[in-house]
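K.L.:
Residue numbers (the working numbering), protein chains in the order written: chain A, 331 to 936; chain B, 3 to 217.
1. Should residue 556 (chain A) go down as buried or exposed, given a rule of 16 or more other Cβ atoms within 10 Å for buried?
2. Could you name the residues of chain A that residue 156 (chain B) contacts, counting a contact when the two beta carbons are closer than 7 Å?
3. Can the beta-carbon of residue 352 (chain A) be found less than 8 Å from the beta-carbon of residue 419 (chain A)?
4. Answer with yes or no whether the minimum CB distance from residue 815 (chain A) to chain B is below 8 Å.
5. Measure the beta-carbon distance from residue 149 (chain B) to residue 180 (chain B) and round it to whole angstroms, keeping in mind my assumption that it falls under 8 Å.
6. With a threshold of 8 Å between beta-carbons, can residue 103 (chain B) be considered close to chain A, or not?
7. Can you name the start and end residues of the beta strand (DSSP E) that residue 709 (chain A) belongs to?
8. Rounded to whole angstroms, what is the Cα-Cα separation between residue 30 (chain B) and residue 36 (chain B)?
9. Take residue 23 (chain B) and list the residues in its own chain whose beta-carbon comes closer than 7 Å to its own, dropping the five residues that flank it on each side.
10. Is there a Cβ of chain A sitting closer than 8 Å to that of residue 181 (chain B), yes or no?
11. Using a Cβ cut-off of 8 Å (strictly closer), state whether residue 66 (chain B) contacts chain A.
12. Only counting runs of 4 or more residues, tell me where the alpha helix (DSSP H) segments fall wholly within the segment 331-367 of chain A, in order along the chain.
13. Count the other CB atoms, across all protein chains shown, that sit within 10 Å of the CB of residue 930 (chain A); report buried if there are 16 or more and exposed otherwise.
14. Out of A:778, A:668, A:840, A:791, point me to the one whose CA is closest to residue 708 (chain A)'s CA.
15. How many angstroms separate the CA atom of residue 161 (chain B) from the CA atom of residue 658 (chain A)?
16. Would you kindly check if the distance between the Cβ of residue 804 (chain A) and the Cβ of residue 812 (chain A) is under 8 Å?
17. Specify the secondary structure class of residue 189 (chain B) as computed by DSSP and reduced to three states.
18. Can you find the residues in the same chain that come closer than 8 Å, C-beta to C-beta, to residue 154 (chain B), ignoring five residues on each side of it along the sequence?
19. Can you give me the C-alpha to C-alpha distance between residue 919 (chain A) and residue 663 (chain A), rounded to a whole angstrom?
20. According to DSSP, is residue 481 (chain A) part of a helix, a strand, or is it coil?
21. Counting only runs that start and end within the segment 844-903 of chain A, where is the beta strand (DSSP E) found for 3 or more residues in a row?
22. Using 8 Å for Cβ pairs, my map puts residue 421 (chain A) next to residue 381 (chain A). What's the rounded Cβ distance?
23. Can you pull the chain B neighbours of residue 762 (chain A), defined as C-beta to C-beta under 7 Å?
24. State the Cα-Cα distance for the pair residue 588 (chain A) and residue 651 (chain A), rounded to the nearest angstrom.
25. Taking a cut of 7 Å between CB atoms, which residues from the segment 116-145 of chain B lie near chain A?
26. Does any C-beta atom of chain A lie closer than 8 Å to the C-beta of residue 58 (chain B)?
27. Determine the DSSP secondary structure at residue 926 (chain A), reduced to helix, strand or coil.
28. Roughly how many whole angstroms lie between the Cα atoms of residue 617 (chain A) and residue 554 (chain A)?
29. Since residue 574 (chain A) is in the alpha helix (DSSP H), which residue starts that stretch and which ends it?
30. Taking beta-carbon pairs under 8 Å, can you tell me which members of the segment 546-576 of chain A lie near chain B?
31. Listed from N- to C-terminal order along the chain, which residues in the segment 883-917 of chain A have their beta-carbon within a distance smaller than 7 Å of any beta-carbon of chain B?
32. Go ahead and pull the three-state DSSP assignment for residue 934 (chain A).
33. Would residue 61 (chain B) pass as an interface residue toward chain A - the criterion being a Cβ-Cβ separation below 8 Å?
34. Rounded to whole angstroms, what is the Cα-Cα separation between residue 926 (chain A) and residue 782 (chain A)?
35. Give the secondary structure of residue 86 (chain B) by DSSP, where H, G and I count as helix, E and B as strand, and everything else as coil.
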């Protein structure tokens with residue numbers, strides 16, 4: 331890829347390939363090399379020193395703060411400020427201490443090194459001789475802890491004076507990245523919480539984490555309150571385009587959802603939600619635009635671009651989130667207009683970009699995100715699959731709630747697994763996909779997607795289930811639930827979009843099916859589909875079944891990792907620049923490719 | 003209906019292009035009027051295709067392939083039609099996918115099918131700015147405009163085109179029909195369109211109706 335440079339870390343000889351301008355500190359994360367640091371790479375602790383083979387390497391003002399002229403002339407630099415503008419070698423001292431670790435992502439150990447830190451300091455407020463201002467006192471205490479350049483949050487500036495007059499000399503300072511977010515009387519370092527959120531178009535999932543221990547305290551999901559304004563991202567955008575008031579209305583709906591989530595999670599964990607100091611939110615580009623109140627219209631019309639694409643970092647008070655007012659609310663960057671921070675989180679959690687083997691990451695949903703990649707490079711696209719997988723435009727379609735058929739097995743009889751163990755009321759996405767795959771397996775459906783007529787399969791044990799409703803062919807799944815020919819066409823249209831995406835990415839990368847080491851099915855829906863059905867319908871390419879893995883809500887896992895470790899967050903932030911975005915709708919032969927991908931591979935027999 | 007006309011319809015519906023083209027030629031050679039081949043043969047097949055589409059029996063690959071066959075069969079009939087002294091001048095139609103939208107599969111199918119019922123179709127393409135549509139209307143003076151939009155965010159462009167036609171004083175000279183997955187009859191009524199169709203064969207029927215009213 332253009333603009334890539336190589337950083338070689340000695341003594342191990344680890345080579346990190348990063349885009350030009352990446353700091354040495356971040357480059358080290360890419361190869362899992364822990365460089366010592368307490369500030370998290372924001373240039374305030376001076377501990378991430380490395381020695382370059384290039385003595386002429388530019389000197390940053392921060393270098394001069396922490397390093398002597400002799401050290402500078404020997405090639406020592408502060409790694410989090412040194413941007414690799416060329417390929418180079420550097421020597422890394424052993425870190426002082428190994429951090430705690432937690433398991434996150436797809437079972438990977440994550441060193442617990444949150445961006446949020448609490449420091450117990452003694453102020454000299456009560457010294458009558460000391461005439462320095464409260465701000466100067468704070469600055470002195472911060473400098474003493476190696477955090478001389480942190481910014482004091484706006485909300486603190488106005489109230490901290492009172493607090494300090496009544497608190498006594500011992501206070502706990504809470505710092506998140508380069509922001510001082512809280513000053514509390516006495517020692518409170520046991521209370522330090524973070525919130526990871528996957529802000530989905532339909533469902534919002536949150537995970538409340540004890541950042542001191544790297545422990546998950548509670549996890550919960552809620553429906554996105556924006557749903558009343560439309561089911562999919564395009565209709566949400568269309569709603570907000572009409573006026574600024576509507577954009578605000580949409581933003582408030584998202585914030586209310588997050589507030590409810592934070593409060594419910596805090597209740598469950600028995601803590602106060604105002605102890606949450608950091609939030610990492612992932613979501614598709616539209617969701618994050620709408621959350622931050624930013625114009626999302628350009629996403630929905632040609633040439634389909636986002637208003638912003640980098641990670642954002644705001645104070646909770648600005649968003650009126652019901653957590654600590656000084657808390658930092660941070661997002662991950664986007665890869666393209668329809669491949670967002672949720673995909674970045676998912677790729678991070680599954681380590682797709684750091685593994686040598688080629689993997690295909692598919693998050694199946696209304697907009698399905700597809701990424702093909704390895705440490706050699708990655709390509710991403712979004713396939714507009716439509717609402718079929720969420721039960722939309724399906725005659726008896728429904729969400730995976732009580733009464734939804736979620737599993738279907740056909741044989742001499744029809745066997746159903748229904749959510750909540752009650753009479754079937756409808757069918758959800760995973761049931762829909764398995765039903766179609768099963769119809770193909772038992773010979774009631776052709777690869778073209780057409781259901782056979784009873785007279786074509788007179789001897790079939792399930793022939794009586796083949797019915798007609800107002801001229802439309804259908805299969806009777808249960809007394810109240812049918813699967814119609816029109817439903818199957820909806821699924822086919824969705825499948826065609828995903829298959830086209832996969833084939834375009836393979837072609838763009840110059841790779842073939844045989845090169846795919848593993849297929850990862852991500853997302854709450856993606857991981858609910860059984861791999862056999864997904865393959866029979868062509869939602870994933872035809873690879874050995876054991877090579878198809880469900881990875882669950884990888885987006886949330888990625889957000890959790892970014893929250894638990896500032897190093898992980900920096901790696902995640904680097905992902906978007908490593909992935910090449912492919913815009914399917916702009917492909918000149920898209921229509922023909924799409925038409926070629928509409929049939930089901932199907933697999934007959936047992 | 004003659005057996006040959008029936009086998010033409012059957013050939014189109016089963017995507018048997020070779021037979022369809024052969025039978026069309028045979029019908030012409032047998033002395034059947036070109037208008038009758040178009041109206042009785044192909045229009046019937048078109049309506050049947052619409053029915054099959056609605057109940058899910060026919061799907062996109064079949065409809066696209068059928069539209070191609072329609073087009074090539076009409077091309078066989080066309081010279082005979084042109085050679086007739088008393089032939090009626092074809093009505094012109096402009097079709098386009100509106101600005102901001104790159105979806106053109108449906109619009110292309112509608113275009114191909116419109117040609118088979120004797121309309122002179124000018125396809126302006128996809129992501130077409132309103133000004134370009136207005137220019138084309140001034141230049142070609144069509145009887146009909148077909149506007150396709152596949153996104154709820156680009157649907158308002160259909161309304162913008164209608165407004166622009168009004169401002170240019172062209173609205174009464176032309177019929178406007180709208181379509182696309184999110185478009186409904188209600189939307190068509192709201193923005194003051196003259197016609198709407200939920201699928202391609204139906205669009206052709208509506209197009210004929212509108213151009214005949216306009217005649």
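Ideal placement from N, C-alpha and C gives every residue a C-beta, glycine not left out.
P.N.:
Reading from the atomic positions:
1. Classification for residue 556 (chain A): buried.
2. 631, listed in chain order.
3. The answer is no: Cβ separation not under 8 Å.
4. Chain B contact via Cβ: present.
5. Contact between residue 149 (chain B) and residue 180 (chain B) holds: their C-beta atoms lie close to 5 Å from each other, under 8 Å.
6. Closer than 8 Å to some Cβ of chain A, the Cβ of residue 103 (chain B) qualifies, so yes.
7. Taken as a continuous stretch (DSSP letters only), the beta strand (DSSP E) holding residue 709 (chain A) covers 707-714.
8. Taking the straight line joining both Cα atoms gives about 7 Å.
9. So the list reads 74, 75, 78, once near-sequence residues are dropped.
10. No - not a single Cβ of chain A is within 8 Å of the one on residue 181 (chain B).
11. When Cβ-Cβ separations below 8 Å define contact, residue 66 (chain B) makes contact with chain A.
12. Entirely contained in the segment 331-367 of chain A, the alpha helix (DSSP H) runs reaching 4 residues are, in chain order, 354-360.
13. So residue 930 (chain A) ends up on the buried side.
14. That would be A:840, whose Cα lies nearest to the Cα of residue 708 (chain A).
15. Our two residues, residue 161 (chain B) and residue 658 (chain A), have alpha carbons roughly 43 Å apart in a direct line.
16. A contact, by the Cβ cut-off of 8 Å.
17. Residue 189 (chain B) falls in the helix class under three-state DSSP.
18. Cβ neighbours of residue 154 (chain B) beyond the five flanking positions: 184.
19. The C-alpha of residue 663 (chain A) is placed about 30 Å away from the C-alpha of residue 919 (chain A).
20. Here residue 481 (chain A) sits in strand by DSSP.
21. DSSP runs (the beta strand (DSSP E)) wholly in the segment 844-903 of chain A: 848-852, 878-882.
22. About 4 Å; that satisfies the 8 Å criterion.
23. None at all; the shortest Cβ gap to chain B is about 15 Å.
24. Here the alpha carbons of residue 651 (chain A) and residue 588 (chain A) stand approximately 8 Å from one another.
25. Per Cβ criterion, the list reads 129.
26. Taking 8 Å as the CB threshold, residue 58 (chain B) lines the interface with chain A.
27. Looking at residue 926 (chain A) - three-state DSSP - the assignment turns out to be helix.
28. Separation of residue 617 (chain A) and residue 554 (chain A) (C-alpha to C-alpha, rounded to the nearest whole angstrom) is 10 Å.
29. Where residue 574 (chain A) is concerned, the enclosing alpha helix (DSSP H) stretches over 574-599.
30. Result list: 560, 564, 565, 567, 568, 571.
31. From the segment 883-917 of chain A, only 915, 916 have a Cβ closer than 7 Å to chain B.
32. It is coil, neither helix nor strand.
33. It does: the Cβ of residue 61 (chain B) has a partner Cβ on chain A nearer than 8 Å.
34. When rounded, the separation of the alpha-carbon atoms in residue 926 (chain A) and residue 782 (chain A) is 22 Å.
35. Residue 86 (chain B): coil per DSSP, three-state reduction.
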